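J.: First to last, the protein sequences are chains A and B.
Okay, so the first sequence: first residue is 30 according to my numbering, each after it adds one.
Okay, so the second sequence: first residue is 401 according to my numbering, each after it adds one.
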Amino acid sequence: RKEVEQDPGPFNVPEGATVAFNCTYSNSASQSFFWYRQDCRKEPKLLMSVYSSGNEDGRFTAQLNRASQYISLLIRDSKLSDSATYLCVVDQYNNNDMRFGAGTRLTVKP
Amino acid sequence: EPEVTQTPSHQVTQMGQEVILRCVPISNHLYFYWYRQILGQKVEFLVSFYNNEISEKSEIFDDQFSVERPDGSNFTLKIRSTKLEDSAMYFCASSFQAAGSFGAGTRLSVL
Chain A
30 RKEVEQDPGP FNVPEGATVA FNCTYSNSAS QSFFWYRQDC RKEPKLLMSV
80 YSSGNEDGRF TAQLNRASQY ISLLIRDSKL SDSATYLCVV DQYNNNDMRF
130 GAGTRLTVKP
Chain B
401 EPEVTQTPSH QVTQMGQEVI LRCVPISNHL YFYWYRQILG QKVEFLVSFY
451 NNEISEKSEI FDDQFSVERP DGSNFTLKIR STKLEDSAMY FCASSFQAAG
501 SFGAGTRLSV L
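1. Helix, strand or coil for glutamate 453 (chain B), going by three-state DSSP, please let me know.
2. Please decide whether alanine 504 (chain B) counts as near chain A, where near means a Cβ-Cβ distance under 8 Å.
3. At a Cβ cut of 9 Å, what residues of the region 420–437 of chain B count as close to chain A, listed as they run along the chain?
4. Along the chain, where does the beta strand (DSSP E) that runs through arginine 95 (chain A) open and close?
5. CA-CA distance, glutamate 485 (chain B) and proline 37 (chain A)?
6. So if I threshold CB-CB distances at 9 Å, which residues from the region 62–74 of chain A count as touching chain B?
7. Any idea what DSSP makes of glutamate 485 (chain B), helix, strand or coil?
8. How many Å lie between lysine 478 (chain B) and alanine 46 (chain A) at the Cα?
9. Quick check: is the beta carbon of leucine 135 (chain A) nearer than 8 Å to any beta carbon in chain B?
10. Determine the DSSP secondary structure at aspartate 111 (chain A), reduced to helix, strand or coil.
11. Straight-line CA distance for serine 112 (chain A) to asparagine 41 (chain A)?
12. Note down, in chain order, each residue of its chain lying with its Cβ closer than 8 Å to the Cβ of glycine 83 (chain A), except the 5 sequence neighbours on either side.
13. Quick check: the region 120–137 of chain A against the region 410–422 of chain B, are at least 3 beta-carbon pairs closer than 8 Å?
14. Which residues does DSSP pair with isoleucine 410 (chain B) in a beta bridge?
15. Find out if the Cβ-Cβ distance for the pair phenylalanine 502 (chain B), lysine 74 (chain A) is shorter than 8 Å.
16. Taking only three categories from DSSP, how would you classify phenylalanine 502 (chain B)?
17. Taking all protein chains shown into account, decide if serine 481 (chain B) is buried (16 or more other Cβ within 10 angstroms of its Cβ) or exposed.
18. Of all the residues that make up the region 107–135 of chain A, which are near chain B by a beta-carbon distance shorter than 9 Å?
19. So is proline 425 (chain B) buried or exposed if we call it buried at 16+ other beta carbons inside 10 Å?
20. Looking at the strands, I want to know which residues DSSP matches up with valine 42 (chain A).
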């Protein structure tokens, strides 16, 4: 099993749609989880951390399911500017050794 | 807003040459990282650095690679003898705890 696995997509959705991404991780002892976004040929930028209780930031909601070892990202009312690759990141040994998923590409169309 | 800065933005080198990629992390951050991303592929962890020493390194980070924090501000990645397959975008990141902030990257092209 890969350390961090994501559906690569692409996800092509119309503006205003709701879209969800999942990510699975292999190390059950992992404690820290994050979603980053990466625009084409740019650096990854932190979108949000993922907390055990789930957390929301505007149109973005992140969830953690420890039993099934996955995290999710939900984007509501998607905008054209949401088009990017979304990277799942896991600090798998809780020592700041961040492992990235391959990313899920999202394209929001008018 | 403070940011991680990297220089140069693009480095072209001949195979077998040594290169040094430079980074200035955010000043109050404690953890420093190097990642690489081969074009079209995922971001790969290379090394993390804390308290003036390497804390973790991946299988990619072999004897050809080294890191230094020569003064209070710079954090460098050295590749001793570059290979064609070292061509990639190299990202530096820093963090106070987890969730690093990334620099804009150095594109390394090995010819």
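Just so it is clear, CB atoms sit at the ideal spot from N, CA and C, and this is done for glycine as well.
All values reported here derive from a predicted model rather than from experimental measurement.
T.: Per the coordinate set shown:
1. Within the second sequence, residue 453 (chain B) is the residue found at index 53, counting from 1. Strand.
2. Locating residue 504 (chain B) in the second sequence gives position 104, where the first residue counts as 1. At least one chain A Cβ lies under 8 Å of alanine 504 (chain B).
3. Tyr431, Tyr433, Tyr435 and Gln437
4. Taking the first sequence and counting its residues from 1, the one referred to as residue 95 (chain A) is at position 66. Premise fails: arginine 95 (chain A) is in no beta strand (DSSP E) and is neither H nor E.
5. In the second sequence, the residue the question calls residue 485 (chain B) occupies position 85. In the first sequence, the residue the question calls residue 37 (chain A) occupies position 8. Cα to Cα, the separation comes out at about 24 Å.
6. Result list: Phe63, Tyr65, Gln67, Arg70, Lys71, Glu72, Pro73 and Lys74.
7. The sequence position of residue 485 (chain B) within the second sequence is 85, counting from 1. Helix, per DSSP.
8. Within the second sequence, residue 478 (chain B) is the residue found at index 78, counting from 1. Within the first sequence, residue 46 (chain A) is the residue found at index 17, counting from 1. In this structure, the alpha-carbon of lysine 478 (chain B) lies about 45 Å from that of alanine 46 (chain A).
9. As a first step, residue 135 (chain A) must be located in the first sequence, where it is residue number 106. Not closer than 8 Å to any Cβ of chain B, the Cβ of leucine 135 (chain A) fails to qualify, so no.
10. Here residue 111 (chain A) refers to the residue found at position 82 when the first sequence is read from its first residue. Here aspartate 111 (chain A) sits in helix by DSSP.
11. In the first sequence, residue 112 (chain A) corresponds to position 83, counting from 1. In the first sequence, residue 41 (chain A) corresponds to position 12, counting from 1. Answer to the nearest angstrom: the Cα atoms are 9 Å apart.
12. Within the first sequence, the letter at position 54 stands for residue 83 (chain A). For glycine 83 (chain A), where only same-chain residues beyond five positions count, the Cβ hits under 8 Å are Thr90, Ala91, Gln92 and Leu93.
13. no
14. For the purposes of this step, residue 410 (chain B) is taken as the residue at position 10 of the second sequence. Looking at the sequence provided, one finds histidine at residue 410 (chain B) rather than isoleucine. According to DSSP, histidine 410 (chain B) bridges with B:Arg507.
15. Position 102 of the second sequence, counting from 1, holds the residue named residue 502 (chain B). Position 45 of the first sequence, counting from 1, holds the residue named residue 74 (chain A). Yes. Within cutoff.
16. Position 102 of the second sequence holds residue 502 (chain B). Phenylalanine 502 (chain B): strand per DSSP, three-state reduction.
17. Counting from 1 along the second sequence, the entry for residue 481 (chain B) is found at position 81. Exposed, by the Cβ-count rule.
18. Close to chain B, meaning a Cβ-Cβ distance shorter than 9 Å, are the following residues of the region 107–135 of chain A: Leu116, Val118, Asp120, Tyr122, Asn123, Asn124, Asn125, Asp126, Met127, Arg128, Phe129, Gly130, Ala131 and Gly132.
19. Position 25 of the second sequence, counting from 1, holds the residue named residue 425 (chain B). Counting Cβ neighbours within 10 Å, proline 425 (chain B) comes out buried, since at least 16 surround it.
20. Within the first sequence, numbered from 1, the residue matching residue 42 (chain A) stands at position 13. According to DSSP, which records beta bridges pairwise, valine 42 (chain A) is partnered with A:Val137.
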